Amino acid sequence: MIPLKLESSTVTDRIRLYYIEGTQLNDEDEKIRIRLDAAHSLKLADFETDKNAASILMRKFCISQRQAYRDLLNSKNIFGNVQQATKEAIRYMITEWATIAMKMAHQAKDLKNMNKAMENIIRANNLDKDDVDIPDASKIQPPVQLLQVNFNFIDSPMFKLIDKTTQKAILLQYDLFMEQVKLSPMADFTDVWKIDESAREES
Numbered sequence: 166m167i168p169l170k171l172e173s174s175t176v177t178d179r180i181r182l183y184y185i186e187g188t189q190l191n192d193e194d195e196k197i198r199i200r201l202d203a204a205h206s207l208k209l210a211d212f213e214t215d216k217n218a219a220s221i222l223m224r225k226f227c228i229s230q231r232q233a234y235r236d237l238l239n240s241k242n243i244f245g246n247v248q249q250a251t252k253e254a255i256r257y258m259i260t261e262w263a264t265i266a267m268k269m270a271h272q273a274k275d276l277k278n279m280n281k282a283m284e285n286i287i288r289a290n291n292l293d294k295d296d297v298d299i300p301d302a303s304k305i306q307p308p309v310q311l312l313q314v315n316f317n318f319i320d321s322p323m324f325k326l327i328d329k330t331t332q333k334a335i336l337l338q339y340d341l342f343m344e345q346v347k348l349s350p351m352a353d354f355t356d357v358w359k360i361d362e363s364a365r366e367e368s
């Protein structure tokens, strides 16, 4: 099989293709693959923290702490985040155990423990909270829209070089704008957009 040789590919890209398509790796990539596989196995089998897993990788492969953490990150990019999968698995197990406990309590007519088991099921699955997948509309802020108007062009020599019809159209837009400003909270700042009235007279 011909090794993958892409100038733009990264080591993680090549290793990912190794697992997906069986692409052959060169010796250096194979060494890295073995480290990433070990990193993933540590997180998967023993549920080690990143700190502990990094220490084990440093001793096993004689690599720096920085490289060990980089390997852990790359293994997550290739194989997925074990912590997220573990959280879902734990939620599932708690739900199963609580369901069994509730059935046992129901058979024993133990309403108190039935209620406790039901509470555990509700909490484990966030049923006591609003749907976490639906965004809170009250926290959604509309984008800030900034309107910037520059009428300095009317006072520039370039304005006099355009045809009279266009000049009149621009001045009409200016007048409409100023009318709206006078009705807004910016009414006291109309001087900011004031133009040289001689441009109007010439038009």
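Just so we're aligned, residue 166 is where the sequence shown starts under my numbering, counting upward by one.
Note that the Cβ used here is the ideal one computed from N, Cα and C, for glycine as well.
Everything numeric in this text was worked out from a predicted model, so none of it was measured.
Annotation note: the segment 269-299 contains the following uninterrupted alpha helix (DSSP H) runs of length 4 or greater, listed N- to C-terminal: 276-289. For Thr355, the CB contacts under 8 angstroms within the same chain, skipping 5 residues up- and downstream, are Met343, Val346 and Lys347 in chain order.
In this chain, Val357 is not harboured by any alpha helix (DSSP H), its DSSP state being neither H nor E. Sixteen is the threshold: when 16 or more other Cβ atoms of the shown chains lie within 10 Å of the Cβ of Ile319, as they do, the residue is buried. Using a 10 angstroms sphere on the CB of Met267, the tally of other CB atoms reaches 16 or more, which defines it as buried. Shown here, Thr214 sits in coil according to DSSP, grouped into three states, outside any helix or strand. If you draw a straight line from the Cα of Thr214 to the Cα of Ile221, it is about 11 angstroms long. For Thr175, no alpha helix (DSSP H) encloses it, and the DSSP letter there is neither H nor E. The alpha carbon of Lys359 has as its nearest neighbour, out of Gln332, Met351, Asn317 and Lys329, the alpha carbon of Asn317.
Counting along the chain, no alpha helix (DSSP H) covers Leu348, and no H or E run does either.
When the beta-carbon positions are compared, His205 and Ser240 come within less than 7 angstroms of each other.
Assigned with DSSP and collapsed to three states, Asp236 falls in helix. Linking Asp192 to Phe226 through their CA atoms gives a straight-line distance of about 15 angstroms. Between Asp202 and Arg179, the C-beta gap is not smaller than 7 angstroms, which leaves the two residues out of contact. In this structure Ala289 touches Arg256 by the C-beta definition: roughly 5 angstroms separates them, less than 8 angstroms. Rounded to whole angstroms, the separation of the alpha carbons of Ile243 and Thr177 is 7 angstroms.
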